[in-house]
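A quick write-up on the structure given underneath.
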Amino acid sequence: MKNIQKAIIMVLMFNSLFGIQILPKIKDPCSDPIIAVAKEKGLKGMNMVETIRYVRVEKACKNLGGHDETFYIIESKEYQRDYEQSRFMVSWTSTFSYCVGVAIFYYFALGWMAK
Amino acid sequence: MGIYEPTLTGFDDNNQFPVAKVWNRNLLTNYGIYYQFFYNARIGYSSYTSWDFGEMTSDGGSKPIFGRSLTYRMFPIETYFRIKPKIELNFTLTPIWGRSKISLNTRLNESGDDWNTLLAIYGNEALELATTDAMRQDWMGYSGQIGFRYYLKTYLGLELKLGFMHNYYSEKNWRLQGNKITGPVYDIEKLPIFAFKVIYGLK
Numbered sequence: 005m006k007n008i009q010k011a012i013i014m015v016l017m018f019n020s021l022f023g024i025q026i027l028p029k030i031k032d033p034c035s036d037p038i039i040a041v042a043k044e045k046g047l048k049g050m051n052m053v054e055t056i057r058y059v060r061v062e063k064a065c066k067n068l069g070g071h072d073e074t075f076y077i078i079e080s081k082e083y084q085r086d087y088e089q090s091r092f093m094v095s096w097t098s099t100f101s102y103c104v105g106v107a108i109f110y111y112f113a114l115g116w117m118a119k
Numbered sequence: 390m391g392i393y394e395p396t397l398t399g400f401d402d403n404n405q406f407p408v409a410k411v412w413n414r415n416l417l418t419n420y421g422i423y424y425q426f427f428y429n430a431r432i433g434y435s436s437y438t439s440w441d442f443g444e445m446t447s448d449g450g451s452k453p454i455f456g457r458s459l460t461y462r463m464f465p466i467e468t469y470f471r472i473k474p475k476i477e478l479n480f481t482l483t484p485i486w487g488r489s490k491i492s493l494n495t496r497l498n499e500s501g502d503d504w505n506t507l508l509a510i511y512g513n514e515a516l517e518l519a520t521t522d523a524m525r526q527d528w529m530g531y532s533g534q535i536g537f538r539y540y541l542k543t544y545l546g547l548e549l550k551l552g553f554m555h556n557y558y559s560e561k562n563w564r565l566q567g568n569k570i571t572g573p574v575y576d577i578e579k580l581p582i583f584a585f586k587v588i589y590g591l592k
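Chains A and B, in that order, are what the protein sequence lines are. According to the numbering used here, the first sequence is numbered sequentially starting from 5. According to the numbering used here, the second sequence is numbered sequentially starting from 390.
See the structure below:
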């Protein structure tokens, strides 16, 4: 048990140390260039490094009492765009869904009846 | 992470294998990658694996380290739509290419002397050596699943899936070093399956 405690303390210490080195404090987060990148590419269009930067910038800016609306607009625009693109099924996709639904219904219904 | 309930008679009907627990019978580790190729449709690869390992308790043997995996490799076509901006329903049909693998890490007996002779030339002391080999079996099947996905962020979602698997598994025709052998009996023909997934999306 003591070894586990030591291991946890060591991990936390290293994490803090590396955290300071790898993730330096963001200066002026509310006007960070990553916000413009997010507006241009969208959140899904950013790569992993950019996404991590964006999440940190968002948190830091909100902590400083910055504009929540900027981040809200970026996110809600993307949600709305995704929703508009996929709120209705197109062409064969609805037929496919019916087939899956029927297959699952028959599997469970017949299985239940067989018992 | 998936949950299902197979009956692995080939292990449960004797006491030589590690004890059956939830983690080595009912839990499945899962990963997958999908590509949206059409409006409201994705295609991809998904793999569910059940793991078991431990020491075989056979009397008189070398008490080898035993490992068993059951992998359900899927090539799904998934259609979906959003009922709310953050909520998605999806429907999946997929063929299954299943594979089971049983490996033993056995201690060498007389044949280990050859190694020890070689090691002695370089001034080493004799070691207790081990050798690993595995028997395998493949089978085909199919699966249907319905999923409910909630997006925490536009690029990050949590998904619950419910469905069934149908596997055409036979204990005959296992393979071990080019030989055809009989393997353990698995009752995995018709199985309900539940899965929980964390989804990360890129464009």
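Note that CB positions come from ideal geometry on N, CA and C, so glycine has one too. Bear in mind the structure is a predicted one, so any value in this text is a computation, not a measurement.
Taking just the CA atoms, how far does residue j sit from residue i?
i	j	result
B:A430	B:T418	24 Å
B:G593	B:Y557	In the structure as shown, chain B starts at 390 and stops at 592, and residue 593 of chain B therefore has no counterpart that could be examined.
B:E467	B:I454	39 Å
B:L482	B:S559	23 Å
B:G391	A:Q89	30 Å
B:A519	B:Y437	30 Å
A:A118	A:Y111	10 Å
B:Y461	B:I485	6 Å
A:I12	A:F18	10 Å
B:Y434	B:Y420	9 Å
B:T495	B:F583	36 Å
A:T97	B:Y469	8 Å
B:T571	B:D522	16 Å
B:M524	A:Y102	40 Å
B:N415	B:Y540	27 Å
A:R91	B:N404	54 Å
A:K66	A:I38	15 Å
B:A515	B:N505	5 Å
A:D72	A:A107	46 Å
A:P28	B:W412	40 Å
A:I3	B:T446	This structure does not reach residue 3 of chain A, given that chain A is present from 5 up to 119, and the question cannot be answered.
B:G567	B:L591	43 Å
Does DSSP classify residue i as helix, strand or coil?
i	result
B:E597	Any question about residue 597 of chain B goes unanswered here, given that chain B covers just 390 to 592.
A:R91	coil
B:L549	strand
A:I13	helix
B:K490	strand
A:K48	coil
B:K592	coil
B:N568	strand
B:N556	strand
B:D347	Absent from the model: residue 347 of chain B. The displayed extent of chain B is 390 to 592, so no value can be given.
A:I30	coil
B:Q405	coil
B:E594	As displayed, chain B neither begins before 390 nor continues past 592, which places residue 594 of chain B out of reach and without an answer.
B:K410	coil
B:G399	helix
Spell out the partners DSSP gives residue i in its beta bridges.
i	result
B:S439	B:L459
B:E444	B:I454
B:F594	The question about residue 594 of chain B has no answer, for chain B in this structure spans 390 to 592.
B:G433	B:Y423
A:I8	According to DSSP, A:I8 bridges with nothing at all.
B:R496	B:A519
B:I485	B:M463, B:G530
What residue range is occupied by the uninterrupted alpha helix (DSSP H) comprising residue i?
i	result
B:L580	Per DSSP, B:L580 belongs to no alpha helix (DSSP H); it is in the beta strand (DSSP E), 579–589.
A:E54	52–67
A:K43	37–45
A:I108	97–118
Can you name the start and end residues of the beta strand (DSSP E) that residue i belongs to?
i	result
B:G530	519–542
B:I472	466–473
B:W563	563–565
B:Y420	416–427
What residues in its chain sit with their C-beta under 7 Å from that of residue i, if we drop five residues either side in the sequence?
i	result
B:Y589	Y544, L545
B:D576	P395, T396, T398
A:A42	M50, Y58, I78
A:V61	I30, P33, D36, I38, I39
B:I472	L478
B:I422	G433, Y434
Please work out which residues of its chain come closer than 8 Å, Cβ to Cβ, to residue i, disregarding the five sequence neighbours upstream and downstream, and give them in chain order.
i	result
A:V53	none
B:N562	Q526, K569
B:F400	F406, A409, D441, R457, P573
B:W578	One point to set straight first is that residue 578 of chain B is Glu, not Trp, in the sequence displayed. H555, N556, Y557, Y558.
In chain order, what residues of the same chain have a beta carbon less than 6 Å from the beta carbon of residue i, not counting five sequence neighbours either side?
i	result
A:E82	G46, L47
B:R457	D441, I491
B:Q534	T481, K550, G552
B:E548	G536, R538, K586, I588
B:R488	T460, D527
A:A64	I30, P33
A:G70	C34
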